[in-house]
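Engineer:
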Amino acid sequence: MSDLVAAFSITPVPRLGVLLRLKLRILANRVGQLVNQSPLALIMAMVFIGTIWIALYSIFENVFVFLRRFEQPAVIAIPYVFHVFFVAMTLLLAFSTAVISYGALFSRDEPSFLLAMPHAPQNVVTIMYLEALFFASWSLLLLGMPLMLAIGHVQGLPWHFYLVFIVAFLGFVPIPGALGLLAALMVALWLPRLAKQTLVYAVGAALILLIVWWGRLWAVSAAESNRWLTGFLSELEFLKGAMLPSTWVTHAIRYAIEDRPRDAVFYLGVTLSTAAFFSWAGVAVVGTKLMSAFGRAHSAPNKAKASSGSASQAVADVFFSYAPPQMRLLILKDIRNFLRDPVQWSQLVILFGLLALYLAYLPRSRPDGFTVAWQALICFLNFGAVTLILSTFTSRFVFPMISMEGKQMWLVGLWPLSRSRVMWAKFLYATTITGLAAMSVTFLSVRSLALPPVLALVQIGGTLSICIGLCGMAVGMGARMPNYDEPSAGRIASGLGGTVNLIASVGLVAAGVALVGGICYRMVQAGELGSLDGYCWLMFAGLVVVGPLASWACMKVGIRRFQRQEF
Amino acid sequence: MSIILNHVTKCYGRLRAVDDISLHVVPGEVFAFLGPNGAGKTTTIKMMTGLLAPDAGQIEVCGFPMTTDARAAKARLAYVPDQPFLYQKLSAREFLSFVGQMYELDPALCVERANQFMSMLDVTRFADQLAEGYSHGMKQRVVLAAALMHDPQVLIVDEPMVGLDPRTVRIVKDIFRKRAEAGRTVFMSTHTLDVAESIADRIAIINHGRIVACGTLAELKARAAQEHRLEDIFLELTQPEPSLVEGAS
Numbered sequence: 001m002s003d004l005v006a007a008f009s010i011t012p013v014p015r016l017g018v019l020l021r022l023k024l025r026i027l028a029n030r031v032g033q034l035v036n037q038s039p040l041a042l043i044m045a046m047v048f049i050g051t052i053w054i055a056l057y058s059i060f061e062n063v064f065v066f067l068r069r070f071e072q073p074a075v076i077a078i079p080y081v082f083h084v085f086f087v088a089m090t091l092l093l094a095f096s097t098a099v100i101s102y103g104a105l106f107s108r109d110e111p112s113f114l115l116a117m118p119h120a121p122q123n124v125v126t127i128m129y130l131e132a133l134f135f136a137s138w139s140l141l142l143l144g145m146p147l148m149l150a151i152g153h154v155q156g157l158p159w160h161f162y163l164v165f166i167v168a169f170l171g172f173v174p175i176p177g178a179l180g181l182l183a184a185l186m187v188a189l190w191l192p193r194l195a196k197q198t199l200v201y202a203v204g205a206a207l208i209l210l211i212v213w214w215g216r217l218w219a220v221s222a223a224e225s226n227r228w229l230t231g232f233l234s235e236l237e238f239l240k241g242a243m244l245p246s247t248w249v250t251h252a253i254r255y256a257i258e259d260r261p262r263d264a265v266f267y268l269g270v271t272l273s274t275a276a277f278f279s280w281a282g283v284a285v286v287g288t289k290l291m292s293a294f295g296r297a298h299s300a301p302n303k304a305k306a307s308s309g310s311a312s313q314a315v316a317d318v319f320f321s322y323a324p325p326q327m328r329l330l331i332l333k334d335i336r337n338f339l340r341d342p343v344q345w346s347q348l349v350i351l352f353g354l355l356a357l358y359l360a361y362l363p364r365s366r367p368d369g370f371t372v373a374w375q376a377l378i379c380f381l382n383f384g385a386v387t388l389i390l391s392t393f394t395s396r397f398v399f400p401m402i403s404m405e406g407k408q409m410w411l412v413g414l415w416p417l418s419r420s421r422v423m424w425a426k427f428l429y430a431t432t433i434t435g436l437a438a439m440s441v442t443f444l445s446v447r448s449l450a451l452p453p454v455l456a457l458v459q460i461g462g463t464l465s466i467c468i469g470l471c472g473m474a475v476g477m478g479a480r481m482p483n484y485d486e487p488s489a490g491r492i493a494s495g496l497g498g499t500v501n502l503i504a505s506v507g508l509v510a511a512g513v514a515l516v517g518g519i520c521y522r523m524v525q526a527g528e529l530g531s532l533d534g535y536c537w538l539m540f541a542g543l544v545v546v547g548p549l550a551s552w553a554c555m556k557v558g559i560r561r562f563q564r565q566e567f
Numbered sequence: 001m002s003i004i005l006n007h008v009t010k011c012y013g014r015l016r017a018v019d020d021i022s023l024h025v026v027p028g029e030v031f032a033f034l035g036p037n038g039a040g041k042t043t044t045i046k047m048m049t050g051l052l053a054p055d056a057g058q059i060e061v062c063g064f065p066m067t068t069d070a071r072a073a074k075a076r077l078a079y080v081p082d083q084p085f086l087y088q089k090l091s092a093r094e095f096l097s098f099v100g101q102m103y104e105l106d107p108a109l110c111v112e113r114a115n116q117f118m119s120m121l122d123v124t125r126f127a128d129q130l131a132e133g134y135s136h137g138m139k140q141r142v143v144l145a146a147a148l149m150h151d152p153q154v155l156i157v158d159e160p161m162v163g164l165d166p167r168t169v170r171i172v173k174d175i176f177r178k179r180a181e182a183g184r185t186v187f188m189s190t191h192t193l194d195v196a197e198s199i200a201d202r203i204a205i206i207n208h209g210r211i212v213a214c215g216t217l218a219e220l221k222a223r224a225a226q227e228h229r230l231e232d233i234f235l236e237l238t239q240p241e242p243s244l245v246e247g248a249s
């Protein structure tokens, strides 16, 4: 207790400035290296990010233009948009700050190095907290800036609205950030060897709660309009809780829009002072407990035991019986890695499980059945959701596989197995695992919507094509833009190569979604979903070809690079 | 005393990684800490540097208890871990400058010492390249240079010779000896018995978390039944438990 009291009275230490300069120097070196060594890759990444940003701006602008058509509902709806946005951001920021802080404070080599130096642990916590806020707030920046510009443009708001918005953003970020920092401390103190599992289960639980709640909204939407609006808004009422930071930020922005500067400034003050207090308290508490938490994170017994491996052997024998024995051995190794890493398999199970749960809601909530337009729309949305989830999964887990294998090239490189076969083994493994998950959900979607055979063919064929494309893209680009120096698969995925792959994957998904959307649109225009016209067949052919084509091109580029790679 | 470990114990769950060990290391001494893999060497070192807290017992560095006055104790020591840590996106020169600033060295002295140790450890030729391109041996040399920047009274080194070429091994051995002659302390954990034999003033051998022998090389040789090489003494004192041997066979 006395430690805690002492921590709350700590004065700034000059070494914090040294640490801050260190981080800025690292950032400057990183940017300088990118500019000097990979300018093209940097430009490509910026172009893709810019494209996403402009697309988001267009979407938000269209939403606000659409809402403005309805004078009264717009007044009600726009604050809800901000409430929902900032509540979602609270959860996302708290979660990502927790993950980044845990890695930075308890699992990397850096804290060992820094904590062996003679300075207050609060310094280390402060710098890691600032770094975590910096990295975690990218999502807010990417989503928030277009949102702000869109509403400012549509409503014709004055310059001080943008000022309030930016200050509100900056003031808001540390509140969930400090909660995330405390969550990281609690995991290190009480669940040091279960950090990964805790993370996965927390995300799973949050997503299940979300989908159950969303299912209720869906059920509400089956009612007639007035009852629907009342029911829908009452379901969202808790988002407007007076004690929620998201409410304060929403109020600040709302009053800035309504040209009530005094009220806006009041809520800005509440947000900023809370952020300052939370940050101070978070750093003080975590700083006080840091050494004991660090000790626990590094001294808890590791009870992980390898299973007999018979299940993975059976999976390899059943699903990869066609592969040559050496390739199958390589695949077996990857299957064992997958099954013994809860972050990998649980992410796949959670995401596709949630999708399955959502599909299970469909028949119950629409007892009178679906119209042609609804069937086509939901089929189209399901296709988008499945392929988008696939793209995030392949970017996170498939892309780093070649980089990780590169560290074992002293072993793999000596096997009597060509490097191209190593690549194809990765491709087969990734396509089979993700394909099984994606096709299961797609079949469930086809069954739940009672799709006619032709539209079912479009959804199944399209999903399979995009799945092949995404896996080939991730393996190929993983070999073309590898990072053999980074030991963490997560960091490889979030590096430049991983970002380019993610953006390219989203591009492929967008192409697939556009083609499926085109087919669905023409079918709805024709008034029936039982047959395809000439244009639709053409689009379907494009859909079936685009995935394998992208896969082939990326694998070719990747294999060429991997064969020339020196280790 | 430079380092005092007084009945120190550390458990990982049910495993007693360090079991009631006591050690006194004096100024001007190169102290070698030997033991088989998993014997408790790194855990002991991490407790001495304040990274892990002992479950029982006390640790003092230069008279400052690590549990109650860690900052004063840490200001007097330097630690080189078995896996050298460098910021990948910093050059050796930038890294040494950072370490100097963290120990609040005068800027001019910081530059002078950085140049001195970079030259001594043959770091100068790659001093301005980013660390991501360094080999293990290059990293080890930079980390050693960084550890010497503030002229610590106690230098704690975990496996200092791994990845170093013979010339650098010789240089490092000379540095350790010179530091001891200047009244500083070097505490070194190593598997390289030749190094321990050639430069250590005293040697401790740890096995299953317990100190099984401690003394000068001559004292250890006197204890051994027949053989007189450190390798034989080490093998004799760190034999696996019979049950483990039977289990393995």
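Protein chains in written order, with our numbering: chain A, 1 to 567; chain B, 1 to 249. Built from N, CA and C at the ideal position, the CB exists for glycine as well.
How should S178 of chain B be labelled, buried or exposed, when 16 other C-beta atoms within 10 angstroms of its C-beta is the threshold for buried?
Structural biologist: Here the sequence assigns Lys to residue 178 of chain B, which means Ser is not the residue at that position. Answer is exposed; the Cβ neighbour count stays below 16.
Engineer: Determine, using beta-carbon pairs with one atom in the stretch 90 to 98 of chain A and one in the stretch 271 to 285 of chain A, whether at least three such pairs fall under 8 Å.
Structural biologist: no
Engineer: What are the start and end residues of the alpha helix (DSSP H) that includes L244 of chain A?
Structural biologist: Per DSSP, L244 of chain A belongs to no alpha helix (DSSP H) and is neither H nor E.
Engineer: For chain A, find out if any of its Cβ atoms is closer than 9 Å to the Cβ of T43 of chain B; answer yes or no.
Structural biologist: yes
Engineer: With three or more C-beta pairs closer than 8 Å as the rule, is the stretch 508 to 520 of chain A touching the stretch 485 to 499 of chain A?
Structural biologist: no
Engineer: For F238 of chain A, is the classification buried or exposed, using 16 other Cβ atoms within 10 angstroms of its Cβ as the cut-off for buried?
Structural biologist: exposed
Engineer: Assuming V80 of chain B and P166 of chain B make a contact with CB atoms under 8 Å, what is their CB distance in whole Å?
Structural biologist: Rounded, the Cβ-Cβ distance is 19 Å, inconsistent with contact.
Engineer: How would you call G50 of chain A, buried or exposed, if buried means at least 16 neighbouring beta carbons within 10 angstroms?
Structural biologist: exposed
Engineer: For the 8 Å Cβ check, are there 3 or more pairs between the stretch 290 to 298 of chain A and the stretch 307 to 326 of chain A?
Structural biologist: no
Engineer: Exposed or buried, S2 of chain B, counting other C-beta atoms within 10 Å across all chains shown (16 or more means buried)?
Structural biologist: buried
Engineer: Nearest chain E C-beta to G295 of chain A closer than 9 Å, yes or no?
Structural biologist: Chain labels in this structure do not include chain E; the protein chains are A and B.
Engineer: Give the interface partners of P118 of chain A over in chain B, defined as CB-CB distance under 7 Å, in chain order.
Structural biologist: R71, K74, A75
Engineer: Determine whether the Cβ of K139 of chain B lies closer than 9 Å to any Cβ atom of chain A.
Structural biologist: no
Engineer: List, in order along the chain, the chain B residues whose C-beta lies closer than 8 Å to that of Q33 of chain A?
Structural biologist: K89, L130
Engineer: Under three-state DSSP, which class holds V162 of chain B?
Structural biologist: coil
Engineer: Going by the beta-carbon positions, is the gap between A127 of chain B and R93 of chain B smaller than 9 Å?
Structural biologist: For A127 of chain B and R93 of chain B, yes; Cβs fall inside 9 Å.
Engineer: With a threshold of 9 Å between beta carbons, is F113 of chain A in contact with chain B?
Structural biologist: yes
Engineer: I believe R21 of chain A touches H119 of chain A by the beta-carbon criterion, under 8 Å. Please report the beta-carbon distance rounded to the nearest angstrom.
Structural biologist: With a Cβ gap of about 14 Å, R21 of chain A and H119 of chain A do not count as contacting.
Engineer: Spatial neighbours of V454 of chain A within its chain, please: CB distance less than 8 Å, with the 5 preceding and 5 following residues excluded, ordered by chain position.
Structural biologist: Closer than 8 Å at Cβ, skipping near neighbours: L529, G530, S531, L532.
Engineer: List the residues that DSSP assigns as beta-bridge partners of Y79 of chain B.
Structural biologist: B:I156
Engineer: List the residues of chain A that F85 of chain B touches, going by C-beta distances under 8 Å, in chain order.
Structural biologist: At a beta-carbon threshold of 8 Å, the residues of chain A lying near F85 of chain B are D109, E110, S112, F113, ordered along the chain.
Engineer: Just to make sure I have the definition right: I need the residues of chain A whose C-beta is within less than 7 Å of the C-beta of Q101 of chain B. Which are they?
Structural biologist: V18
Engineer: Measuring CA to CA, which of A:L179, A:L157, A:L236, A:A316 is closest to Y255 of chain A?
Structural biologist: Selected option, being the one with the closest Cα: A:L157.
Engineer: Would you report the Cα separation of F86 of chain A and S246 of chain A, rounded to the nearest angstrom?
Structural biologist: 5 Å
Engineer: Run through DSSP, which three-state label would E528 of chain A get?
Structural biologist: coil
Engineer: On the three-state DSSP scale, how would you describe D194 of chain B?
Structural biologist: Correct three-state label for D194 of chain B: helix.
Engineer: Hey, could you find the ends of the alpha helix (DSSP H) M118 of chain B is sitting in?
Structural biologist: 107 to 120
Engineer: Per DSSP, what kind of secondary structure is G215 of chain B in: helix, strand or coil?
Structural biologist: Correct three-state label for G215 of chain B: strand.
Engineer: Look at G469 of chain A and A356 of chain A and say whether their C-beta atoms are less than 9 Å apart.
Structural biologist: With respect to A356 of chain A, G469 of chain A sits apart: the two C-beta atoms are not nearer than 9 Å.
Engineer: Quick check: the Cα distance between V18 of chain B and L96 of chain B, rounded to an integer number of angstroms?
Structural biologist: Computed Cα separation, rounded: 33 Å.
Engineer: Assess contact between the stretch 478 to 486 of chain A and the stretch 506 to 514 of chain A, defined as three or more Cβ pairs (one per stretch) separated by less than 8 Å. Is contact present?
Structural biologist: no
Engineer: Measure from the alpha carbon of S119 of chain B to the alpha carbon of each residue in B:P65, B:L235, B:L144, B:Q101, then state which is nearest.
Structural biologist: Here the closest residue by C-alpha is B:L144.
Engineer: Which residues of chain A have a Cβ atom closer than 7 Å to the Cβ of E94 of chain B, listed in chain order?
Structural biologist: R25
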